[in-house]
Every structure is written in C-alpha cells, then in structure tokens.
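In what follows, a single structure is set out as structure tokens and then discussed.
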Amino acid sequence: MIRILVADAMSEEGLAPLLADPTIEVVQKKVSEVEGELDQFDALLVRSATKVTEQLLQKMTNLKIVGRAGVGVDNIDVDAATRYGVVVINAPNGNTISTAEHTFAMMASLVRRIPQAHISVKSREWNRSAFVGVELFGKHLGIIGFGRIGSEVAKRARAFGMHVHVYDPFLTKARAEKIGVDVCTLDELLAQADIITVHTPLTKETKGLLGPKNLAKTKKGVYLINCARGGIIDEQALIPFLENGHVAGVALDVFEQEPPGDHPLLSFDNVVVTPHLGASTVEAQVNVATQVAEEVLKFLQGKPVTSSINLPTLSKDVYEKIQAFYTLARKMGILASQYMSEPVQEIAITYSGSVADLETTFITRSLLAGFLKPRVASTVNEVNAAMIAKERGIAFSEKFSANGNDYNNTITLTVYGENKTFTMKGTHIAHYGDRIVHFNGFAIDFAPEGHLLYIQHHDKPGMIGKVGNILGAHQVNIATMQVGRQEVGGKAIMMLSLDKPLDDALVETLEQISDIDAVKKLEV
Ligand SMILES: NC(=O)c1ccc[n+]([C@@H]2O[C@H](COP(=O)([O-])OP(=O)(O)OC[C@H]3O[C@@H](n4cnc5c(N)ncnc54)[C@H](O)[C@@H]3O)[C@@H](O)[C@H]2O)c1
Ligand SMILES: O=C(O)CC[C@@H](O)C(=O)O
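Just so we're aligned, residue 995 is where the sequence shown starts under the numbering used here, counting upward by one.
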C-alpha cells in the first residue's frame, strides 16, 4: 500500500485521483500529528505552511517525492531532497490567474483606499472626503519579473488603460515583442512607474531588490505591491520612505516572516495587507491540488513527471522514446559496477546511432544510478546520481556519434578504475530486448538479466564441460550460455545465465580450475 501524507490543507476535489485509488492511503494530518510514522510515507504533499527541512527528510526514510501544491518551493530544502534522492515537484501554473487577480485587487485597494474606507464605514463614520483616490487609467505600471503572473498582470493593466513597463533580465526580446510590452532597465522602470509590482522568485539577486538605494530612485508618490515573496521589497527600508511620504502606499500579501507578528509596517494607515492570499481561491486550490495529485500519481506509477524541480523535465513523447535505453543503461551501470569492484575515477558514455539523437540526460543519470547503487548505502536514483558521483570524485562524460557500430544504436561505457579500465557496449533491439554485444574486450551477445556468471579463461577444448560438470553437480541449472574469444587459443569468456544465484564457495571452486583466470557473479 502506497502512503501519502498531505500535511497542509488541500482541496478534496483536487486530491480526488489519489483518494479514489484503492492502492493508496492518503493521510491528511500535520507532520507533528504523525511523528511516530514519518518513515512510512512514500509521498508528501504540502502548500507553504509545512517546512520540508533536511531534518524532516532524514526522518522520512521511505519518501520518494514531495509535491508542492503551488509555485514557490522556498519552504522545501530542494538541495537536501536532491541529496536524499527525493523528487520535488510543484504546480507551477494552477494559481497564476488567482495571484494576478489578487495583485489587481491589491492595486485597486491601494489607490482607492478601499480597506481604510471600509473600516471607517464599519465604524459608523461617513467621511467621503478622507478617501479620495487616484485612477489607474493612464498610470505607468512597472512590473518586475515577467513570468506567468507578471504577464497576466500586464494583460489586466492594459485593459485598465495603463502603460506597462517591464524589467526582467531573462525575458527574451521575441517574447516581449509578442506580448507588446515596453521592456526597460530597472533604473528606467524605477524612474517612470507610478505603481510598481514585483513578481520574481525570492533569490539572492531579488532579496532586497527594492531596498534603500532603489527606493530612492522611484518617483515621489509611488505605490508598491508585493504579492510574490516577502523580502523582495525590503520591509525595514520601506519605513522611512513611508514616513516622509515618498512612498504613497504599499500593498503586501507576503512577508519576510510569516505571520509578521507585531510588525512596524502594520501601523501605517497606507499599508494594505493580506495573509498570503494570492493563491487562495477555490479555483486555484482545485487546480494546484489536481496538478500535484496527478503528477504524484504518475510518478508513483513509474511514469514521467513534467513539473519536477530537481529532475530533467520529460514530455510523455520523449519518455516513450528513451524508456528502453533508460532501462538498458541502468543494467549496464549495475553490471559495470559489479565487474569493476574497485574505486573508479571516471565513467565515459558514448551514445551512437539512433540513441545519440535522443534526450540522453535521463539515460546517463539512469546509468550512473545503476553504477552507484551497489556502492552507496543511501538511496541513489536519477535525482541524485550526478550529485553523488561528483561527491565521490567520479567524473562522467557523454559523447555522441552518428554511427551505430553495426547496430541501429549502441551505448558504450568505459569505466576508468584505479587499476584497470573496463569497456562494455549495449544495444536495444525493438521487439527483442536489451543485449550486451561487447564485454571487457570481447565480442559477445547476452541479455543483461538475472543471475549471470562471467568466466574468463583460455580458449581450450573442454572448458565448457568442466564448468558445466561442477555447476550440474551442485544442482545449478544453466539457462543460457554465450561465449566469445579474441583469437583461437587465446583469451576467451563465457557468460552464463543461471536459474539461481551462486554461492561464493562455488565461485571459489570454479576459480581453482586450471586455465580459468577470473570468475565473477553478476546480478542484474
Ligand atoms: N502570493 C501568493 O500566494 C503567490 C502565489 C503564486 C506565486 N507566488 C509567487 O509569485 C512569484 C512569481 O511567480 P510566477 O509563477 O510568475 O513565476 P515565474 O517563474 O513564471 O516568473 C518569475 C519571473 O521572474 C523573473 N526574474 C528572475 N529573477 C529576476 C530578477 N533578478 N529581476 C527581475 N526578474 C527576475 C524570471 O525571469 C521570471 O520571468 C514567485 O515568487 C511565486 O512564488 C505567490
Ligand atoms: O499555498 C499557498 O496558498 C501559497 C502559494 C504561493 O505562495 C505559491 O508560491 O504558489
């Protein structure tokens, strides 16, 4: 039974695909309520309240995926999740409209002083002259960060007759032209805008982006809005600008600390605040919960996910094309790791023929994960394989060649160890399966599956019989046997596929046979 912990409040309608699956148990409780059973969950779903820290990840030893029902993953230690091989996904666009609309609601509230007027009327006052606002029509709106939400805000601003100026260092000219916005530098935006709204992620570049220096470059009487992340507008820096009237008003949905407690900004009459409500609409909550539930379900069924933060994103089409090579590469990694039972410094992979045209990042990670698995005590998978290889000083590289070496496709793997170098070549043949066609310098043809026994010997009559007799005497049945040699009478190999794993004692017995140089059990 798969167990999923839903640690923050989420739409039941959105969770329906998980709730309806009889193989899944969904537990809707806070982390603190399930402390004793944290090691039993396969998936964790959160919004922004639950902090997915390294300590929590350490306790959730069976965890495979964290789903964030929303955009920002700043409440998740993604680096730690990656180290532990836990996939992190989010729901990147389910709450875009909701947050863009909230930004507009904040903008209107700010310039028409709606919250202040509301409180006044509720206090039984009728003071119309105290709440004279300004129009949005004809005003210059500066949008910092022109992604999903920023661009939806721009569309609405144009409908209100506003002039839109955009600053986003990662915005391509083509996209800006397509949307028809005035792209400018940050300084130009600060100098022109009557209202500034921020829609960037919180990064080390955007933290305090609107701090003392940049606030001083804004127009006198500017309005500021932050419905993105607390800290993009420096809260402390705002105070003198509000006190001296340079900033006419601020609308904040997000805070550096949430909840903000008794924050000095809350004492200003012209600071309008909401408790992180950008995504809080029925529609957005159904959208994000549905997106994240569907993605988690796909992941747990072994299908590709499209909104991963720490895995390369794959479309269904791409996944279907690479799936066979992904499996072949994993098996090659497992085989190579067992064969090279010594420290390795480098893994070189060459993709040739049709596989060279595919998205190979995932295939390489699969090979690395297969290689590292027998060597690493903790979880290793496509999420953390590259990171673990790096940590252990194993360099890896990819090369590509149009020529498939007599096959439609091949993956060639070379592992450089402290004492030796090992090479293997594999291919995938449609409707037939995976084959290893080159192993340790020998041309051969075997399926990388099950209990394999590699024997390196001298090419002499009777070798197969000797091995067969010993295995037969110990009731070990040989399912298939492939042989290869470099030259007549020279070095040769046998690759046997057995019906059961071999005892170490039997391996030692086989090693005693004269003219046998090496015997290795390989389990795939
Ligand atoms: N208040 C809420 O409830 C709520 C809801 C959803 C999203 N958010 C937040 O809103 C923000 C925007 O979300 P989105 O979905 O539009 O994200 P997005 O990734 O689509 O857009 C972010 C944009 O910021 C730009 N950017 C990055 N660094 C920048 C910099 N230094 N200067 C200027 N631009 C920069 C990027 O190029 C990108 O275009 C995020 O912080 C997200 O967490 C808040
Ligand atoms: O979960 C929420 O309500 C907030 C979501 C929002 O901050 C986000 O980044 O998607």
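No residue lacks a Cβ here, since even glycine has one placed at the ideal position from N, Cα and C.
Model, not experiment: these values are computed from the prediction.
Under three-state DSSP, which class holds residue i?
| i | result |
| --- | --- |
| Gly1459 | helix |
| Arg1107 | coil |
| Met1054 | coil |
| Arg1041 | coil |
| Val1286 | helix |
| Glu1199 | coil |
| Glu1129 | coil |
| Asp1498 | helix |
| Arg1169 | helix |
| Met1326 | helix |
| His1240 | coil |
| Ser1372 | coil |
| Ile1138 | strand |
| Asp1428 | strand |
| Leu1204 | strand |
| Asp999 | Correcting the residue type first, residue 999 is Leu in the shown sequence and not Asp. Strand at Leu999. |
State the beta-bridge partners of residue i as determined by DSSP.
| i | result |
| --- | --- |
| Asp1247 | Looking at the DSSP assignment, Asp1247 forms no beta bridge with any residue, so it has no partner. |
| Glu1517 | His1445 |
| Phe1433 | Met1418, Phe1436 |
| Lys986 | Nothing can be reported for residue 986: it is not among the residues displayed for the chain, which extend from 995 to 1518. |
| Lys1485 | His1452 |
| Tyr1410 | Glu1340, Thr1415 |
| Met1101 | Paired residues: none, contrary to the question. |
| Ile1219 | Thr1191, Ala1245 |
| Ser1302 | Ile1083 |
| Met1475 | Leu1490 |
| His1270 | Bridge partners of His1270: none, in fact. |
| Ala1512 | Gln1450 |
Beta carbon of residue i: closer than 7 angstroms to some heavy atom of ligand 2?
| i | result |
| --- | --- |
| Arg1142 | no |
| Ser1301 | no |
| Asn1089 | yes |
| His1270 | yes |
| Ala1273 | yes |
| Ser1092 | no |
| Arg1106 | no |
| Ser1042 | yes |
Taking the alpha-carbon positions, what's the residue i to residue j distance?
| i | j | result |
| --- | --- | --- |
| Ala1441 | Glu1353 | 24 angstroms |
| Val1216 | Gln1295 | 52 angstroms |
| His1452 | Ile1487 | 8 angstroms |
| Phe1293 | Gly1205 | 42 angstroms |
| Val1370 | His1096 | 48 angstroms |
| Ala1102 | Met1004 | 29 angstroms |
| Pro1109 | Val1082 | 38 angstroms |
| Val1040 | Lys1023 | 11 angstroms |
| Ile1113 | Gly1202 | 31 angstroms |
| Gln1251 | Phe1131 | 34 angstroms |
| Asp1439 | Arg1429 | 6 angstroms |
| Thr1300 | Ile1507 | 54 angstroms |
| Leu1032 | Gly1427 | 40 angstroms |
Under 7 angstroms from any heavy atom of ligand 1, does the C-beta of residue i make it?
| i | result |
| --- | --- |
| Val1248 | yes |
| Tyr1410 | no |
| Val1065 | yes |
| Phe1164 | yes |
| Asn1199 | As written in the sequence, residue 1199 is Glu, which differs from the Asn given in the question. Glu1199: yes, Cβ under 7 angstroms from ligand 1. |
| Gly1243 | no |
| Pro1195 | yes |
Using the beta-carbon count (16 or more within 10 Å), is residue i buried or exposed?
| i | result |
| --- | --- |
| Ile1405 | buried |
| Ala1124 | exposed |
| His1159 | buried |
| Leu1260 | exposed |
| Gln1230 | exposed |
| Arg1122 | exposed |
| His1468 | exposed |
| Thr1284 | buried |
| Ala1383 | buried |
| Ser1395 | exposed |
| His1134 | buried |
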